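Residue numbers (our numbering), protein chains in the order written: chain A, 323 to 519; chain B, 633 to 780; chain C, 626 to 803.
These notes concern the structure reproduced below.
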Amino acid sequence: MSLLRQFCSKLAPILVNNSVRSTQNVSAAITTNRFFSNKPAPYEIVDPKIEKQEQQDIIKKVNEQVNANQQGRIFAVVHLAGKQFKITEGDVIVVEGYWPPGPGDKLKLDKVLMVGAKDFTLIGRPIVEDGLANVTATVIEKTLSHTKTDFKKKRRKQYKNINFYRIQQTMLRINTIDLSGKLNNPPDVTGTEHRIL
Amino acid sequence: MVFTTAVNFIRSRGPDEFWRKRKIFKLAAHFQGRKRNCYSITIRYVHRALVYATKGRKLKKVDMANLWEQRILSGCEQHGVTYPLFKESLSRSGVMLNRKTLADLACWEPQSFKALTDIAQARAAQDGLNVSKSLEPPSGVVTRGMIK
Amino acid sequence: MSSLKRVQQWATFARIWHIYDASWQNPFQSAGLLKKYLMGTYKPIYHPLNDCGDHVVVINSGDIALPGDEWKKRVYFHHTGYPRGASWTLAWQLHKKDPTLVLKKAVYNSMDGNLQRRYTMERLHIYPDANVPADIMKNISNQLATPREVPKRLDHYSEKEVEEFPKIMDYPKNYILR
């Protein structure tokens, strides 16, 4: 989308006047402020009431869209087993290394770092509000990767070493990603003491 | 020397030598010319290929990291934020997306990435970080009370 | 794939034609900038195997400005491959022979020497002046900002502007200007 925007850039001065060689500076057509140091420090006077209203409006809009189920296909970024995955519904992700869950286990992925829909993106700091996004997944397969050969050799040094290894892999199907909770409406925090975030 | 018929099994000499060489020849099945047919040449090239494979597994990670950096950099550039400022502001705001995710967002979710650069810019302006390279401050970012 | 998505796909991977005015620009600094557009590294969709580089049309390459005394000191080496086939050409001599070559070599040398480099260079069109063929000019849709501003020479100011420029003092009548 951002690339699309590039097509719109105007080229009027060049296309009209082809003889730009002599004194005319073509780059003058682009109005960029070269001397940034002259820029005053940014400040603005903000009415807290108006700003509060603006925030409320944005939150209301998102809530309305979610309630009407108009948000479209959602993607989420989850933190799982030390890695981050950008996922959408129906994806299969591979968790490498030792990971206890077994085939058929249904999981709720709690560490959601970001949820994005057609018109809005919810960015977690670092994770979105508990209970707001509901990401569920099923372990569909536990397997090993193909055999990887770790081969080292030094020429003329009589050194050769070969090892074979396979990595444990867990395939995880993402069943649902939905926004179940209400935005900016944190629930009373209970029962999360046992969690390690 | 990949045998497809049983006739060839009879031709093979000692059992041990045959199977030992066969292991190597199987790895060289896709090589060209004598590299795949003559054992003494095959073994050299198989060793070389395996060393490359071992090294390549590490290099792949480096290459991917470089590509992520490149993509984030170009994404930042489009929205007028420098890369260090972007990372600093995000970590100050508590956004803990890693480079892989940020690169994915820059490539596949340009709108969400723009939201991140906007937040970074707003945060930088709020904290008085060096925003001199920014082309213009983002409009429509309501931050007060939400960031920090 | 909806028609909107299809067009978006085309637009994302379409080659953009940029124009760059090289007058008064340092070719080695410009090379770093042009490289980015030729290879497409300025796009978040960049991948080394993804053919997403753009075309860049450079005009006024005859008017480039080398830093310091590089016109005199920079030497371009060439070897024909035969014995005693080595030759050294000074930058000013090369520029006299072909005013596009200094910039072209600067861009070429700024890129990594891989198989893609020659194809990437094909997308660079350099012209010594502002006379660009119409069939190339019609493709252009973007202009690249130059890293340096072109200074205005004294002889390009009008008589009136020079007259009206604030002065600290007038020369005395009997002062002889040498």
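Just so it is clear, CB atoms sit at the ideal spot from N, CA and C, and this is done for glycine as well.
Just so it is clear, the structure is predicted and the values come from calculations on it, not from any experiment.
Among the options, whose alpha-carbon lies nearest the alpha-carbon of residue i?
i                : options                                : result
Lys698 (chain C) : C:Asn685, C:Ser712, C:Ala716           : C:Ala716
Leu728 (chain C) : C:Ser648, C:Thr637, C:Trp635           : C:Ser648
Trp651 (chain B) : B:Tyr671, B:Phe663, B:Arg666           : B:Tyr671
Asn456 (chain A) : A:Thr471, A:Leu431, A:Tyr420           : A:Leu431
Phe442 (chain A) : A:Ile380, A:Asp369, A:Lys374           : A:Ile380
Lys470 (chain A) : B:Arg668, B:Ser723, B:Ile675, B:Gly688 : B:Gly688
Ile761 (chain C) : C:Glu695, C:Val681, C:Ser628, C:Cys677 : C:Val681
Phe663 (chain B) : B:Val678, B:Glu649, B:Gly760           : B:Val678
Leu689 (chain C) : C:Val787, C:Ala636, C:Gln650, C:Asp795 : Reading off the sequence shown, one finds Ile at residue 689 (chain C), where the question assumed Leu. For Ile689 (chain C), the nearest C-alpha among the options comes from C:Gln650.
Lys504 (chain A) : A:Pro448, A:Glu386, A:Arg478           : A:Glu386
Asn756 (chain C) : C:Met626, C:Lys630, C:Ile684, C:Leu674 : C:Ile684
Asp676 (chain C) : C:Phe638, C:Lys661, C:Tyr707, C:Gly657 : C:Phe638
His401 (chain A) : A:Pro370, A:Val450, A:Gln375, A:Asn506 : A:Val450
Gly394 (chain A) : A:Ala439, A:Lys383, A:Lys382           : A:Ala439
Trp421 (chain A) : A:Asp452, A:Lys383, A:Gln378, A:Leu466 : A:Leu466
Glu701 (chain B) : B:Asp759, B:Tyr715, B:Gly760           : B:Tyr715
Arg724 (chain B) : A:Val388, A:Arg447, A:Leu435           : A:Arg447
Met736 (chain C) : C:Pro673, C:Phe790, C:Arg631, C:Leu779 : C:Pro673
Asn483 (chain A) : B:Lys690, B:Val683, B:Asp648           : B:Val683
His711 (chain B) : B:Gly760, B:Ala738, B:Arg666, B:Leu761 : B:Ala738
Arg517 (chain A) : A:Pro370, A:Val384, A:Lys433, A:Gln378 : A:Lys433
Are the CB atoms of residue i and residue j nearer to each other than 8 Å?
i                : j                : result
Ala782 (chain B) : Ser721 (chain B) : Outside the displayed range of chain B (633 to 780) lies residue 782 (chain B), so it cannot be described from this structure.
Val437 (chain A) : Ala398 (chain A) : yes
Thr458 (chain A) : Leu501 (chain A) : no
Val713 (chain B) : Thr749 (chain B) : yes
Thr674 (chain B) : Arg668 (chain B) : yes
Leu717 (chain B) : Ala752 (chain B) : yes
Ile704 (chain B) : Ala747 (chain B) : no
Terminal residues of the continuous alpha helix (DSSP H) containing residue i?
i                : result
Trp421 (chain A) : Element bounds for Trp421 (chain A): n/a, residue is neither H nor E.
Asp736 (chain B) : 731-740
Trp700 (chain B) : 671-710
Ala759 (chain C) : 759-762
Leu726 (chain C) : 726-735
Ile372 (chain A) : 370-389
Thr637 (chain C) : 628-638
Thr745 (chain C) : 742-746
Pro716 (chain B) : 715-724
Could you check how far apart the C-beta atoms of residue i and residue j are, in whole angstroms? I think they sit under 8 Å.
i                : j                : result
Thr714 (chain C) : Leu663 (chain C) : In fact, because the Cβ distance is near 25 Å, the residues do not count as touching under 8 Å.
Pro652 (chain C) : Leu691 (chain C) : 7 Å
Gly424 (chain A) : Lys464 (chain A) : 6 Å
Val570 (chain A) : Gly419 (chain A) : Residue coverage of chain A in this structure runs from 323 to 519, which leaves residue 570 (chain A) outside it and unanswerable.
Val732 (chain C) : Lys660 (chain C) : 6 Å
Asp472 (chain A) : Thr686 (chain B) : 5 Å
Gly835 (chain C) : Gly665 (chain C) : Any answer about residue 835 (chain C) is impossible in this case: the structure gives chain C only from 626 up to 803.
Output the boundary residues of the beta strand (DSSP E) element that contains residue i.
i                : result
Gly438 (chain A) : 434-438
Gln490 (chain A) : 490-501
Tyr752 (chain C) : Where Tyr752 (chain C) is concerned, there is no enclosing beta strand (DSSP E), given that its DSSP letter is neither H nor E.
Lys704 (chain C) : The displayed chain sequence assigns His, not Lys, to residue 704 (chain C). 700-704 is the extent of the beta strand (DSSP E) around His704 (chain C).
Phe486 (chain A) : 481-487
Ile475 (chain A) : The identity of residue 475 (chain A) in the sequence shown is Lys, whereas the question assumes Ile. Run containing Lys475 (chain A): 470-476, per the beta strand (DSSP E) assignment.
Ala455 (chain A) : 455-466
Tyr645 (chain C) : 642-646
His401 (chain A) : 397-402
Leu429 (chain A) : 428-431
Val681 (chain C) : 680-684
Trp713 (chain C) : 711-715
Gln406 (chain A) : 405-410
Leu444 (chain A) : 443-445
So which residues of chain F does residue i contact, with C-beta pairs closer than 8 Å?
i                : result
Asp413 (chain A) : Within the model displayed, chain F is absent; protein chains A, B and C are what it includes.
Task: Stretch-stretch touch, CB-based, cutoff 8 Å, three pairs: the stretch 476-493 of chain A with the stretch 655-666 of chain B - done: no
TODO: May I ask you to verify whether the stretch 701-721 of chain C touches the stretch 765-780 of chain C, counting CB pairs closer than 8 Å and requiring at least 3?
DONE: no
Open item on the list: Pairs of beta-carbons, one from the stretch 402-420 of chain A and one from the stretch 725-740 of chain B, closer than 8 Å: are there three or more?
Closed with: yes
Open item on the list: With three or more C-beta pairs closer than 8 Å as the rule, is the stretch 409-417 of chain A touching the stretch 492-507 of chain A?
Closed with: yes
Open item on the list: Across the stretch 754-771 of chain C and the stretch 628-644 of chain C, are there enough close Cβ pairs to call them in contact, namely three or more that are closer than 8 Å?
Closed with: yes
Task: Any 3 or more C-beta pairs closer than 8 Å across the stretch 736-746 of chain B and the stretch 668-681 of chain C - done: yes
Open item on the list: Using a Cβ distance threshold of 8 Å, determine whether the stretch 745-764 of chain C contacts the stretch 718-732 of chain C, with at least three qualifying pairs required.
Closed with: yes
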